[in-house]
């Protein structure tokens, strides 16, 4: 097991490096640059700015400097757009925000979605099943960019219960709407996945055997059926967790949370190279990490899997 | 024990008194209106501003913040006229190339230090220095400050810039050529003073709330990127006693519809009205929906360079296309926010600019359509041989609606075939700047309130002249106008040439379309540049 983990970590390093280089090249290939603007800058001014940020060097020198800065100083460079902040600042400010609402949304999605899915499977074709399936399909077809304005309209404008946006250092009433908006579609997917895999497990031979042996229903469900039923759900949860904690541009945009999801998309539009690279590496690193965790959990859940 | 309790009480009361404005719960000293207890002004901004540093910032929302945090030589009143800021007055030398500003001696920074002429010298050198590499370096060149050009190019040192502190309260600026509107240019945030000691102590981090020192009516107390910036009264500000608004808060809300909802829920005092919603809102909230002219122009530009299509080299084609646009349909049917149909490039609201009576502005749309058909036929385009070209705009719902309306008008009236496409903003700028287009959308907002801020785009040498229109007479008229005290005749002539040559198709002149809290008073709706100062605003009681 340990050697497996070490091997995976060893592969992660060249993967991240490759990710960095490819993103860097793709970004520079996009037309326009960080200082392209409607007020086109005079050549002398542009030259000064490019010299300041080292953009006048050949691209391979830029890549080497960039990667070198990360390795030696853990410095992800300056933002070209937000001039008094570095990429480290932006991530240090924005990531805790997305981590907070992302983690809460994940918890809500897993708990509610999982419960709905299990309940629906156990009472297949009952009103509970139809209700759960109905809710999850409803949540699935309502994308969060539709949910968000509706939530604000209802809870902020009509009822006046909750603020329509802002973060306010993570005060609870600012968290509710973003968490609902972000968690619903994940919750729906988790409910449907759990339901179908639970149904599949319930129809397998070993469950039938357990039933025939006369084991209590509770024991059959929680001790024998749940673990294997969670396998397919788990492989969904890894990437879902990463995408939730790294933020959603829709949530950041509609609720002005100040999270990094918004910065990520804006950095692409602004050609803010360093910010875009920094967040790409963050998301890449987290994706690799959580895929590894899921794989380790697999082995724990399913004894058939050995590394 | 008893003592400490009363001491505590006294300190609480005195803090409460300190933090409340002298006017709260009072009446306005001039108008006598009853003032609201809470003097907080909260407004929506579309996107996070680029910097709090007045010399580095490059966007409108950042300049608005700068004008509240800092104060330059001059400010503007509600009509856009110059009023004293840190400078009380100035004199101009006989050759009109040396300006001497007399600074007030009671101006102070938020840390209590006096504001001196040296703070301006430091700021202006900083603005032009290649080391800071401000995107607004060119502003020093635009102001024609002596040696600014060479300093930006790195040929001279920032210390050689034509600005000098004769003493703590006398500032001298030398220009390379007379510039009639030089004094007016000092209202721009890039010319505001900056505190050398704070910048030297904290480097780039000097603009963080815990480090920043500013000389305006407010100081920064909190900043959460992409969420909010909160500014409170600078008690050291020289005119603090007559300031009424206690707190200024910006809220970054990217989506304008959400911004409107949050405005209606009472979370902000001001927000923009999304296109098409003004008629409904002005009916429902007649005291809150406001519209007033803005110093911006919406147009389409023909590519007249060598890479442009042959068709557009024929002035008859350009004129036919410009005439066939029914601008009323666009302003009243599509935009619905009181925009003004445009027949000239320069908006009517521009200070000192009289809109010339160009020929096609006076015709009825029927006459324009008839003329357009005639011209296009004369240019050799018929039903069997229709005119066809590409039209490009930057991705946006609003621009798309207008482009569709325009192409439909051309198709129905002239049988012209238009291939529309849209591009992401930076790509669009890149393509347009490299003349990779046939007909492209453009918009321009005045950098200062004078017609040359628009018409300079028609200079054949201008870096913003993306259509590469070149006319020797226009170049001469523009260059002469720079040193004239009454350049209107030149501007009239240039607009007339544009109506005959039609290098661009003017579509409409912008308006500001806002929802504004009815309690908020003294918004400078007549200031075309919308240079507003929170210290001049106030909120009346309900």
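Residue numbers (this note's numbering), protein chains in the order written: chain A, 132 to 438; chain B, 1356 to 1897. We put the CB at the ideal spot given by N, CA and C, even for glycine. As the structure is a prediction and not an experimental result, all values here were calculated from the model.
Query                                                                                                                                                                           : Result
Using a Cβ cut-off of 8 Å, pull out every chain B residue sitting near residue 236 of chain A, in sequence order please.                                                        : By Cβ distance, chain B contributes nothing, its closest Cβ being about 19 Å from residue 236 of chain A, past 8 Å.
Using 8 Å as the limit for Cβ to Cβ distance, is residue 1732 of chain B near chain A?                                                                                          : no
Can you give me, in chain order, the residues of the stretch 1607–1636 of chain B that have a beta carbon less than 8 Å from any beta carbon in chain A?                        : 1607, 1608, 1609, 1610, 1612, 1613, 1616, 1617, 1619, 1620, 1622
Is there a Cβ from chain A that is less than 8 Å from the Cβ of residue 1429 of chain B?                                                                                        : no
Could you list which residues in chain B have their beta carbon closer than 9 Å to that of residue 227 of chain A, in chain order?                                              : Chain B residues near residue 227 of chain A: none, gap ~11 Å exceeds 9 Å.
Along the chain, where does the beta strand (DSSP E) that runs through residue 1797 of chain B open and close?                                                                  : 1794–1800
Leaving out the 5 sequence neighbours to the left and right, which residues in its chain are closer than 6 Å to residue 429 of chain A when beta-carbon positions are compared? : 436
Just mark residue 1522 of chain B as buried or exposed, buried being the case when its beta carbon has 16 or more other beta carbons within 10 Å.                               : exposed
Quick one, which of B:1543, B:1434, B:1483 has its alpha-carbon nearest residue 1420 of chain B's?                                                                              : B:1543
What first and last residue would you give for the alpha helix (DSSP H) that runs through residue 204 of chain A?                                                               : 190–204
Using the beta-carbon of each residue, which ones in chain A are nearer than 8 Å to residue 1408 of chain B?                                                                    : 214, 215
Of all Cβ atoms in chain A, is any one closer than 8 Å to the Cβ of residue 1819 of chain B?                                                                                    : yes
By DSSP, does residue 1525 of chain B sit in helix, in strand, or in coil?                                                                                                      : strand
Given that residue 298 of chain A touches chain B, what residues does it touch there, using C-beta distances under 8 Å?                                                         : 1579, 1582
When you compare only the Cα positions, how much space is there between residue 212 of chain A and residue 1734 of chain B?                                                     : 47 Å
Here's the rule I'm using: 16 or more other beta-carbon atoms within 10 Å means buried, otherwise exposed. How should residue 334 of chain A be labelled?                       : exposed
Output, in sequence order along the chain, the residues in the stretch 396–411 of chain A whose CB is closer than 7 Å to any CB in chain B.                                     : 400, 402
Please report the distance separating the alpha-carbon of residue 1689 of chain B from that of residue 1854 of chain B.                                                         : 25 Å
What are the residues of the stretch 1462–1482 of chain B that lie near chain A, defined by any Cβ-Cβ distance shorter than 7 Å?                                                : none
Counting only C-beta atoms, is residue 384 of chain A closer than 8 Å to chain B at any point?                                                                                  : yes
List, in order along the chain, the chain A residues whose C-beta lies closer than 8 Å to that of residue 1898 of chain B?                                                      : This structure gives no information on residue 1898 of chain B, because the portion of chain B shown stretches from 1356 to 1897.
Please name the residue in B:1640, B:1587, B:1510 whose C-alpha comes closest to that of residue 1898 of chain B.                                                               : The first residue shown for chain B is 1356 and the last is 1897, placing residue 1898 of chain B beyond what the model contains.
Can you find a CB in chain A that lies within less than 8 Å of the CB of residue 1737 of chain B?                                                                               : no
What did DSSP end up calling residue 1383 of chain B once you bin it into helix, strand or coil?                                                                                : coil
Using a threshold of 8 Å, state whether the C-beta atoms of residue 439 of chain A and residue 239 of chain A are closer than that.                                             : Residue 439 of chain A cannot be examined here, being either before or after the span of chain A that is shown, 132 to 438.
Hey, is residue 196 of chain A's beta-carbon within less than 8 Å of any beta-carbon in chain B?                                                                                : no
Between A:426, A:402, A:230, A:345, which lies nearest to residue 140 of chain A when the distance is taken from Cα to Cα?                                                      : A:426
Would you list the residues sitting across from residue 1668 of chain B in a DSSP beta bridge?                                                                                  : According to DSSP, which records beta bridges pairwise, residue 1668 of chain B is partnered with nothing at all.
Could you check how far apart the C-beta atoms of residue 1749 of chain B and residue 1682 of chain B are, in whole angstroms? I think they sit under 8 Å.                      : Rounded, the Cβ-Cβ distance is 21 Å, inconsistent with contact.
Where does residue 386 of chain A fall in DSSP's three states?                                                                                                                  : helix
Nearest to residue 1867 of chain B by CA position, among B:1610, B:1776, B:1652, B:1460, is which residue?                                                                      : B:1652
According to DSSP, residue 1584 of chain B sits in a beta bridge with which residue or residues?                                                                                : B:1578, B:1605
Pairs of beta-carbons, one from the stretch 1487–1504 of chain B and one from the stretch 1530–1541 of chain B, closer than 8 Å: are there three or more?                       : yes
Is any beta-carbon of chain A found at less than 8 Å from that of residue 1546 of chain B?                                                                                      : no
What's the gap between the Cα of residue 1852 of chain B and the Cα of residue 1827 of chain B?                                                                                 : 11 Å
Does DSSP put residue 1754 of chain B in a helix, in a strand, or in coil?                                                                                                      : helix
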